[in-house]
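Q: Got a structure for you, written out below as structure tokens; questions coming shortly.
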Amino acid sequence: MLILAALLLALPHRVYVSNEASDDVSVIENDAVVRRLAVGKRPRGIKLAPGGKLYVAVSGSPRGGPGQRDEDLPPADRAQDGIAVVDLRSGEVTGRLPGGPDPESFDLSADGKLLYVSNEDASALSVVDIEAARIVRTVKVGAQPEGVTVSPDGRTIYVTSEENNEI
Numbered sequence: 003m004l005i006l007a008a009l010l011l012a013l014p015h016r017v018y019v020s021n022e023a024s025d026d027v028s029v030i031e032n033d034a035v036v037r038r039l040a041v042g043k044r045p046r047g048i049k050l051a052p053g054g055k056l057y058v059a060v061s062g063s064p065r066g067g068p069g070q071r072d073e074d075l076p077p078a079d080r081a082q083d084g085i086a087v088v089d090l091r092s093g094e095v096t097g098r099l100p101g102g103p104d105p106e107s108f109d110l111s112a113d114g115k116l117l118y119v120s121n122e123d124a125s126a127l128s129v130v131d132i133e134a135a136r137i138v139r140t141v142k143v144g145a146q147p148e149g150v151t152v153s154p155d156g157r158t159i160y161v162t163s164e165e166n167n168e169i
């Protein structure tokens with residue numbers, strides 16, 4: 003048991019960080035960036051998935067600076083919205099799932115069949131069937147939804163509302 007613990011401690015610790023400003027994901031091992039993965043425009047929410055995949059929410063909404071009003075920004079490029087599917091072995095984007103308008107964050111169902119995606123600009127939650135690669139349901143939620151968490155039993159989806167300060 004002690005040998006197993008020592009071996010586990012010797013393994014590299016890997017973290018994936020989405021970088022909205024540089025349109026990539028940093029791969030960090032043992033406190034050093036070892037790779038950057040180009041994933042699409044404005045990567046945000048990120049989640050490891052079974053089968054050596056990484057899901058990343060990407061958005062075509064324009065970036066604004068502090069205090070800049072949405073009305074003063076150029077229109078969103080909705081063709082850029084979605085969930086990038088990254089093969090972790092190759093580091094390449096191998097697919098794209100729909101994510102609704104301006105996907106922010108998401109969670110994966112326990113069985114790995116559905117994604118629950120917050121859509122910031124639409125004040126909605128999109129339910130994505132991964133195998134069918136389509137949105138199967140859209141639910142209105144609070145303004146500017148951000149975080150999404152599926153309850154352990156899978157019966158409740160929690161969505162935070164940035165603007166309304168509520169869940």
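Numbering of the sequence shown is given in the working numbering, commencing with residue 3 and proceeding in unit increments.
Beta carbons: idealized from backbone N, C-alpha and C, even for Gly.
Only a predicted model underlies this, so the values are computations on that prediction, with no experimental measurement involved.
Could you work out which residue in GLU133, GLU165 and SER28 is closest to GLY93 when comparing CA atoms only?
A: SER28
Q: Between LYS115 and GLU122, what straight-line distance do the alpha-carbon atoms span, to the nearest angstrom?
A: 23 Å
Q: GLY149 lies in the beta strand (DSSP E); which residues open and close that run?
A: 147-152
Q: Identify which residue in SER111, ALA124 and ASN32 has its Cα closest to the Cα of VAL152.
A: Ranking the options by Cα distance to VAL152, first place goes to SER111.
Q: Does ALA81 come out as helix, strand or coil in the three-state DSSP assignment?
A: helix
Q: Whole angstroms are fine: how far does the CA of PRO68 sit from the CA of ASP89?
A: 34 Å
Q: Quick check on this structure: which residue in ILE132, LEU117 and LYS142 has the alpha carbon closest to the alpha carbon of SER125?
A: LYS142
Q: Tell whether a beta-carbon distance below 7 Å holds between GLY101 and VAL119.
A: yes
Q: I'd like the list of long-range same chain contacts for ILE132, defined as Cβ closer than 8 Å, with 5 residues on each side in sequence excluded.
A: LEU99, GLY114, LYS115, LEU116 and LEU117
Q: Grouping DSSP H, G and I as helix and E and B as strand, with all else coil, what is ASP123?
A: coil
Q: List the whole-angstrom C-beta distance separating ALA81 from GLY62, where the pair is believed to meet the contact cut-off of C-beta under 8 Å.
A: 6 Å
Q: Along the chain, where does the beta strand (DSSP E) containing ASP26 start, and where does it finish?
A: 26-31
Q: For ALA8, does the three-state DSSP call read helix, strand or coil?
A: Caution applies to ALA8, whose pLDDT of 47 falls short of 50 and renders its modelled position unreliable; the model cannot decide the point.
Q: Which residues does DSSP pair with LYS55 in a beta bridge?
A: ALA51 and ASP89
Q: Under 8 Å by Cβ, that's how I've got VAL161 and LEU127 pegged, so tell me the actual separation to the nearest angstrom.
A: 6 Å
Q: Would PRO77 be called buried (16 or more neighbouring beta carbons within 10 Å of its own) or exposed?
A: exposed
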